[in-house]
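These notes concern the structure reproduced below.
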Amino acid sequence: MTRLRQAYSAGIAILLALAGPVSERARAADAPPQRVVSMNLCTDQLAMMLAAPGQLVSVSHLAAEPRASAMAGAAAAGGYRLNHGRAEEIWLMEPDLVIAGSYSNIATVEMLRRLGVPVLVMEPAYGLTDIPDRLRRVGAALNRSAAAEAAATAFETTLSGLDTPEGDRPRAALYDANGYTPGERSLSGEIIAAAGFDNIAAEAGLPAGGHLPLELLAMAAPEAVISGRPYPGASRAEEVLDHPVVQMLREGTAGAVLTDRDWVCGTPHVLRAIADMRDLRRRMQGQ
160 MTRLRQAYSA GIAILLALAG PVSERARAAD APPQRVVSMN LCTDQLAMML AAPGQLVSVS
220 HLAAEPRASA MAGAAAAGGY RLNHGRAEEI WLMEPDLVIA GSYSNIATVE MLRRLGVPVL
280 VMEPAYGLTD IPDRLRRVGA ALNRSAAAEA AATAFETTLS GLDTPEGDRP RAALYDANGY
340 TPGERSLSGE IIAAAGFDNI AAEAGLPAGG HLPLELLAMA APEAVISGRP YPGASRAEEV
400 LDHPVVQMLR EGTAGAVLTD RDWVCGTPHV LRAIADMRDL RRRMQGQ
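For reference, each letter of the sequence shown is one residue, going 160 to 446 in the working numbering.
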């Protein structure tokens, strides 16, 4: 650990020496940023949606991952330089604003700030009502408040305009790697609620989410089992998704294996996830 700290300190010293006076990269507080770098999957998408042409110069490598990013295509993430969240590579891009997530590499964020680079750290959206706020915050940082307000208003209008699904509410289980189930007070929990499903996590005593043993999942007998699509290659965390109990529940219910890209981040793309789940509910009820 001591060697790591020494290496980290040495890296900062080298970059500071190369950087010269940090004021050379500082921009006026009221001037819009001209070279923006995002280093988080969710802020990537918010920035791509809102940035002016040429304003965003780099997004994280995850933005180009089709299983994770709702904007992975050539017309979106494919048009930007990709980064891996390392301070050295981001510094060499000469950004005047970096947008990170609260779970981004802390060492990178601290180093960039010590070098005088403004860094906006964004909390993830924990529910549907957080999404307009995230849009407006990123829009303000980019000096694109009008575009952000339009996007936020459109999202709020569409969400509030969704009709309440009629009929019984099917019971659904959200089941992810390591047997984790999101609770009602989560983004994915609110997605299925908006689609007209009840989340069995509350029945299992996990309203805020947590580990759901296979035995409890089987005994709950949900009408739908919803999980992410496992990534290629071996993953011990995802092995539970192929367990015979989970497979049996999927085959015996209307369970759907869904990709995660529309569910992961708090962006307007969650509306597609809600629409998909509403379609599933209609199929289950023969509508």
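We put the beta carbon where it would ideally sit given N, CA and C, even for glycine.
Every value quoted in this text rests on a predicted model; they were computed, and no experiment measured them.
Margin query: Which residue marks the beginning of the alpha helix (DSSP H) containing residue 295, and which one marks its end?
Written below: Looking at the DSSP string, the run of the alpha helix (DSSP H) that includes residue 295 is 290-300.
Item checked: C-alpha gap between residue 219 and residue 367, whole angstroms -> In this structure, the straight-line span from the alpha carbon of residue 219 to that of residue 367 is close to 29 angstroms.
Next item on the list: With a threshold of 16 other CB atoms inside 10 Å of the CB of residue 372, please say whether the residue is buried or exposed.
Entry: So residue 372 ends up on the exposed side.
Checklist line | Inside the region 249-275 only - beta strand (DSSP E) runs reaching at least 3 residues | finding: The qualifying runs are 256-260.
Item checked: Proximity below 8 angstroms, CB of residue 342 to CB of residue 313 -> No, the Cβ-Cβ distance between residue 342 and residue 313 is not below 8 angstroms.
Check: residue 195: which of 230, 225, 251 and 221 sits nearest, CA to CA?
Finding: When only C-alpha atoms are compared, the closest one is 251.
Next item on the list: Within 10 angstroms of the Cβ of residue 319, are there 16 or more other Cβ atoms? Answer buried if so, exposed if not.
Entry: Exposed, by the Cβ-count rule.
Item checked: Close-in-space but distant-in-sequence residues of the same chain around residue 429 (CB under 8 angstroms, 5 per side omitted) -> Once the five neighbours on either side are set aside, the close Cβ partners of residue 429 are 287, 290, 346, 350, 421 and 422.
Notebook entry, point to check: For residue 426 versus residue 229, is the C-beta spacing smaller than 8 angstroms?
Noted result: In contact: residue 426 and residue 229 (Cβ atoms closer than 8 angstroms).
Check: Assuming residue 277 contacts residue 256 under a Cβ cut-off of 8 angstroms, what Cβ separation, rounded to an integer in Å, is found between them?
Finding: Indeed, because the Cβ distance is near 5 angstroms, the residues count as touching under 8 angstroms.
Next item on the list: Return yes when the Cβ of residue 227 is within less than 8 angstroms of the Cβ of residue 209, no when it is not.
Entry: Contact flag unset, no.
Next item on the list: Go ahead and pull the three-state DSSP assignment for residue 370.
Entry: In the three-state scheme derived from DSSP, where H, G and I count as helix and E and B as strand, residue 370 is classed as strand.
Next item on the list: Classify residue 196 as helix, strand or coil using the three-state DSSP reduction.
Entry: Strand.
Check: Which residues in the same chain as residue 197 place their Cβ atom closer than 6 angstroms to its Cβ, once the five residues preceding and following it in sequence are excluded?
Finding: The answer, listed in chain order, is 203, 206, 218 and 258.
Margin query: I need the straight-line Cα distance from residue 335 to residue 321, nearest angstrom please.
Written below: Using only the alpha carbons, I get a separation of about 27 angstroms.
Item checked: residue 439 versus residue 382 - alpha carbon distance -> So the alpha carbons of these two residues sit roughly 11 angstroms apart.
Next item on the list: If I'm right that residue 264 touches residue 244 with Cβ under 8 angstroms, what's the distance once you round it to whole angstroms?
Entry: Yes, they are in contact, since the Cβ atoms of residue 264 and residue 244 sit about 5 angstroms apart, within 8 angstroms.
Next item on the list: Please say whether residue 329 and residue 443 have beta carbons closer to each other than 8 angstroms?
Entry: In this structure, residue 329 lies closer than 8 angstroms to residue 443 by Cβ.
Next item on the list: Pull up the CB-CB distance for residue 377 and residue 332, whole angstroms please, since I reckon it's below 8 angstroms.
Entry: Not really, about 10 angstroms apart at Cβ, beyond 8 angstroms.
Notebook entry, point to check: DSSP state of residue 278, grouped into three classes?
Noted result: Residue state, collapsed to three classes: strand.
Next item on the list: Use the C-beta contact count for residue 190: other C-beta atoms within 10 angstroms, 16 or more gives buried, fewer gives exposed.
Entry: If you draw a 10 Å sphere on the C-beta of residue 190, you find fewer than 16 other C-beta atoms in it, and that means exposed.
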